[in-house]
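Shown next, in structure tokens, is the structure this report addresses.
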Amino acid sequence: MLLKWSFGLLVLVMAACTSAPPEPKASPSQLEGMWSDPPATAEGTFCFFACTEVGLDRLNALLDDPANDARPFPELQAEAGKHQRENYIRPRLTDAALETYPLDPADDPGFLRCEPWGLARQMFAPHQVEIRQRADDRIELRYGEWDALRTVHMDGRPRPAAQAPTLFGHSVGRWEGETLVVETAGVTADITGWDFQHSDGLRVIERFTRSADGDTLLLTATIEDPWSLREPLVFKKIWRWAPDQQITPYEDCEPAEEFSRGKGQ
Amino acid sequence: MTCSRAWAFVIPMLVLAVARAGSHHAFSPVYDEKRLITVEGVVTQFRFVNPHAMMFMDVTDKTKKVVKWTVEFSGRLNLMEGGWTPDTIKPGERVTVSGNPTHTGSQRLFFRRLTRPDGSELLPTGAQRLSAIEEERLRRASQRKQQK
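For the protein sequence lines, the chains are A and B, in the order given.
Going by the numbering used here, the letters in the first sequence line up with residues 59 to 323, in that order.
Going by the numbering used here, the letters in the second sequence line up with residues -9 to 138, in that order.
Written out as structure tokens, the structure is:
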């Protein structure tokens, strides 16, 4: 009897040891930690806030043209940025959004009154983003700019029907392989980081992926808004792994006292 | 043109190009990107804060009158990337500062370069980034020539 039980136990142990190891479960640990300004490369600098494939293609074409070797990088960056603005963003804006595009920087409520940014700018904010799993059902994103905190619900909970739009809206996340996908809606009408206004019909899908070498975090963000956009806009952003950095207080914003309109863009 | 003088012209272009890429804290409504001015005086306070660090200084004008000037910098988050600390600039220091003046001509400028009496300089943190990019461009150009 003892021999029979021992043999059964041995079979079970062997089965456990020879079966394929479990698939590594995607987890925030792949993204968790402190990220900061992008690498000091041409692409990283062009995507300091965010960029588009159209803009990057233009930048690389300019950099690969020997005729531009003597031109300062900021000049090429500005040219690629203008190309991106005029050939990618502007054609996708609705007539309603074009009425005020590009917004005068002097009309920015963040500049005028120190009002914190909404999601459509905060998601592309420069400097740090710290990603932390706070519980099984949520991940937090803390941004250095404005020391702003976002919650991403990982349990799929729908946005409460009666919940009014908020600055960052309601974000629900899921893992697709090693990519964190975050869908957000319910964002207060505001301005984007691209100098156009959006409505509270804004919908954003963010895809966060860590590079194979672990050194960078790539965001691809798709933005939809029936009021301001004829078709979705897709932006990229890059952060650099920066475990030694800290987010410092953001409490000394002073409303603008002297400024002139019509000086932007 | 010396290296530091070249940076003084190029770095504002980088700052502006980044600012245009997405609205950050408005620079253009306050400061004139096309002009640089220089003032000399004694630091009375350096505030290493977000969103923008600030320095206050006493500047003696041509009539021997002491005038209060304000110098605005990038924010603490940005300056820390370049190794700055709250003690990088100390009260009592005599400094010469170059920067973009305001459109209104007030006693205020946006920092581009700070020079101390011993000749040492502080430059915006963008200088390190630009330097790395120029090295990258040289490598690209070299690879391009090798491929031909």
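Cβ coordinates follow ideal geometry from the N, Cα and C atoms, glycine included.
Entirely enclosed beta strand (DSSP E) segments - the segment 27 to 70 of chain B, minimum 3 residues: 27 to 37, 44 to 50, 56 to 62
Should Glu40(B) go down as buried or exposed, given a rule of 16 or more other Cβ atoms within 10 Å for buried? For the record, residue 40(B) in the displayed sequence is Asn; it is not Glu. With 16 or more neighbouring CB atoms inside 10 Å of its own CB, Asn40(B) falls in the buried class.
Pairwise C-alpha distance: Leu99(B) and Pro91(B): 5 angstroms
Tell me whether Lys135(B) is buried or exposed, calling it buried when 16 or more other Cβ atoms sit within 10 Å of its Cβ. exposed
Residue of Arg66(B), Thr86(B), Thr34(B) minimising C-alpha distance to Glu203(A): Arg66(B)
Please report the residue range of the alpha helix (DSSP H) in which Pro91(B) lies. Segment 84 to 91 is the beta strand (DSSP E) holding Pro91(B); no alpha helix (DSSP H) there.
Does the segment 152 to 167 of chain A come into contact with the segment 284 to 291 of chain A, if we say contact requires no fewer than three beta-carbon pairs (one atom in each stretch) closer than 8 angstroms? yes
Amino acids of chain A, ordered along the chain, whose beta-carbon sits closer than 7 angstroms to that of Ser88(B): Chain A residues near Ser88(B): none, gap ~18 angstroms exceeds 7 angstroms.
Range of the contiguous alpha helix (DSSP H) that encloses Ile123(B): 116 to 137
Short CB-CB distance (under 8 angstroms) between Thr306(A) and chain B: Thr306(A) counts as touching chain B.
Should Lys294(A) be labelled buried (16 or more other beta-carbon atoms within 10 Å of its own) or exposed? In summary, Lys294(A) is buried, with 16 or more beta-carbon neighbours lying within 10 Å of its beta-carbon over all protein chains present.
Per DSSP, cross-strand counterpart(s) of Leu199(A): Ile189(A), Arg208(A)
Work out the CA separation of Ser18(B) and Asn68(B) for me, nearest whole Å. 19 angstroms
Beta carbons nearer than 9 angstroms to chain B: which residues of the segment 188 to 203 of chain A have them? Shown in chain order are the members of the segment 188 to 203 of chain A whose Cβ falls below 9 angstroms from a Cβ of chain B: Gly202, Glu203.
For Thr110(A), is the classification buried or exposed, using 16 other Cβ atoms within 10 angstroms of its Cβ as the cut-off for buried? buried
Is the number of C-beta pairs between the segment 134 to 142 of chain A and the segment 229 to 240 of chain A that are closer than 8 angstroms three or more? no
Measuring CB to CB, does Met45(B) end up less than 8 angstroms from Val33(B)? yes
Using Cβ-Cβ distances below 9 angstroms, what residues of the segment 57 to 83 of chain B are close to chain A? Gly65, Arg66, Leu67, Asn68, Met70, Glu71
With burial defined as no fewer than 16 other Cβ atoms inside 10 Å of the residue's Cβ, what is the status of Lys73(B): buried or exposed? Position check: residue 73(B) holds Gly in this sequence, whereas Lys was assumed. So Gly73(B) ends up on the exposed side.
What does the alpha-carbon distance come out to for the pair Phe106(A) and Asp51(B)? 40 angstroms
Under 8 angstroms between C-beta atoms, does Leu99(B) make it to chain A? no
Cβ-Cβ distance between Thr103(A) and Ile123(B) below 8 angstroms: yes
Beta-carbon separation of Asp248(A) and Gly176(A) under 8 angstroms? Closer than 8 angstroms, so yes.
What do you get for Ala119(A), buried or exposed, if any count of 16 or more other CB atoms within 10 angstroms of its CB means buried? exposed
Express the C-alpha separation of Ala108(A) and Ala11(B) in angstroms, rounding to a whole number. Bear in mind that the predicted position of Ala11(B) carries a pLDDT of just 41, short of 50, making it unreliable; the figure below should be weighed with that in mind. Going by the C-alpha atoms only, they are around 7 angstroms apart.
List, in chain order, every chain B residue whose beta-carbon is nearer than 8 angstroms to that of Gln255(A). Within chain B, no residue comes near Gln255(A); the closest Cβ sits about 12 angstroms away, beyond 8 angstroms.
Listing by chain order, which chain A residues have their CB less than 7 angstroms from the CB of Thr34(B)? Those within 7 angstroms of Thr34(B) in chain A number zero; the least Cβ separation is about 17 angstroms.
Quick one: list the residues of chain A neighbouring Leu120(B), beta-carbon separation under 7 angstroms, in chain order. Those within 7 angstroms of Leu120(B) in chain A are Phe131.
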